[in-house]
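So the structure is just underneath, and the comments pick up after that.
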Ligand code: AMP
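Numbering (the working numbering), first residue to last: 83 to 501.
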């Protein structure tokens with residue numbers, strides 16, 4: 083075994099998988115930019131305090147943060163998610179409202195690594211600041227839904243819930259706490275510990291022994307103010323209008339403390355692992371204020387790239403792009419012709435590759451095959467002497483000779499026809 087390996091919870095994304103990752107982000111950018119969202123690139127580490135505003139009952143903050151004191155004595159942390167960074171940037175730069183942004187990139191959480199759960203994992207997501215309109219909630223949810231569709235996924239269920247406004251949420255948490263306290267004896271040890279930190283999160287328990295107590299717990303809907311109830315009704319109405327199927331799941335509370343009002347999660351029914359949530363989000367009215375900004379409503383979602391690709395594998399969609407290069411130049415005359423020709427072909431916008439090290443013609447043809455090129459351009463001593471090249475379609479089509487000055491045009495033609 084080599085001395086150094088990736089540390090637990092991290093992975094190398096090798097070719098050709100890495101190209102699939104990039105395509106994933108490209109598809110996402112296409113979907114959200116068509117709705118007026120612009121890209122934001124945030125630092126990967128920030129002042130620890132930025133993330134602490136996510137709430138001290140949030141596991142991500144209290145138990146899973148990668149934080150350290152840097153050489154300048156600053157207490158910083160690798161970002162566990164990007165919503166807090168977006169809100170910090172909003173407070174720092176005062177952009178015009180509404181601010182509609184999208185992001186992609188890695189986040190870091192010290193979690194128990196397993197299939198679909200990593201310590202460094204990628205997300206794509208959007209945030210909108212400055213609008214408190216339920217139809218925006220519908221737009222945001224519809225974008226995530228549309229993105230899963232664009233990947234080709236069919237078995238993704240949408241769960242929606244509302245956590246009410248701040249007052250509703252507080253009254254609900256109090257009621258939930260007294261309910262769970264009354265039934266503490268029937269809860270698992272883990273859930274009793276969760277109850278101490280955050281009664282809402284007890285609802286997240288997947289442990290069979292907790293199921294009965296949880297199923298009888300009060301529902302948030304009993305605590306909705308009239309405004310919260312009508313906001314949630316408008317969200318459901320908008321989703322129906324767009325023909326987006328959803329289930330109302332009043333046990334959906336989500337991991338981060340800052341959520342208020344609309345919350346949602348996308349669950350892959352094609353994944354049978356423990357980790358089936360492929361994305362989620364909600365409203366977080368209050369977070370901008372907590373970061374020192376003016377009272378500003380916000381909503382967003384994050385989609386787990388790693389896990390969504392596992393769902394794609396399970397549904398056999400959005401596969402690895404197996405197309406190779408367009409053209410491979412085989413030069414049996416020492417390599418100078420290949421140097422010139424690949425430069426010309428690349429300048430013309432073609433994907434062109436070649437072999438190095440003055441390999442034999444046979445070995446270069448093998449490399450051409452491996453590169454899955456559409457066309458091979460072959461130059462031997464004889465061709466060079468006559469100022470021509472042999473152009474050979476790799477699908478077995480008829481090969482031809484053409485003057486060196488016409489190679490680019492001939493190859494372009496064949497590549498175009500093959501597409
Ligand atoms: P969250 O930021 O916790 O709301 O998570 C949003 C999505 O990110 C989840 O639905 C997952 O798809 C993904 N995700 C969260 N944590 C991890 C992790 N440790 N490893 C892989 N994906 C994750």
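Here a beta-carbon is modelled for each residue, glycine too, at the ideal position from N, C-alpha and C.
My understanding is that residue 191 touches residue 142, with C-beta atoms under 8 Å, so please give their C-beta distance in whole angstroms.
-> Right, their Cβ atoms sit about 6 Å apart.
Proximity below 8 Å, CB of residue 268 to CB of residue 286 | no
Between the Cα of residue 359 and the Cα atoms of 216, 402, 378, 336, which residue gives the shortest distance?
-> Checking every option, the nearest Cα to that of residue 359 belongs to 336.
Below 8 Å between beta carbons: does that hold for residue 172 and residue 370?
-> yes
Option nearest residue 195 by Cα separation, candidates 130, 88, 98 = 88
Might you give, ordered along the chain, the residues of its own chain that have their beta carbon closer than 8 Å to the beta carbon of residue 384, omitting 5 neighbours on each side?
-> Result list for residue 384: 163, 164, 165, 205, 206, 207, 361, 362, 363, in chain order.
Cβ neighbour criterion (16 or more within 10 Å) applied to residue 83 | By the C-beta density criterion, residue 83 is exposed, having fewer than 16 other C-beta atoms within 10 angstroms.
Spatial neighbours of residue 277 in its chain, beta-carbon cut-off 6 Å, leaving aside the 5 residues before and after | 262, 284
Hey, would you say the C-beta of residue 193 is under 7 Å away from at least one heavy atom of the ligand AMP?
-> yes
How would you call residue 151, buried or exposed, if buried means at least 16 neighbouring beta carbons within 10 angstroms?
-> exposed
Quick one: give me the first and last residue of the beta strand (DSSP E) that residue 116 is part of.
-> Segment: none, residue 116 is in no beta strand (DSSP E) and carries neither H nor E.
From 288, 397, 243, residue whose alpha carbon lies closest to that of residue 316 = 243
Once you ignore the five residues that flank residue 105 on each side, which residues in its own chain have a CB closer than 7 Å to its CB?
-> 403
Residue burial classification, residue 463 (beta-carbon count within 10 angstroms, cutoff 16) = exposed
Taking buried to mean at least 16 other C-beta atoms within 10 Å of its own C-beta, is residue 174 buried or exposed?
-> exposed
Closer than 7 Å: is that where the CB of residue 431 sits relative to any heavy atom of the ligand AMP?
-> no
Evaluate the contact criterion for the region 345 to 360 versus the region 385 to 396: three or more CB pairs, one atom per stretch, below 8 Å.
-> yes
Does the distance from the C-beta atom of residue 474 to that of residue 461 stay below 8 Å?
-> no
Taking residue 446 as part of the alpha helix (DSSP H), name the residues at either end of that continuous run.
-> 443 to 452
From 250, 159, 482, 419, pick the residue whose C-alpha is nearest to that of residue 308; which is it?
-> 250
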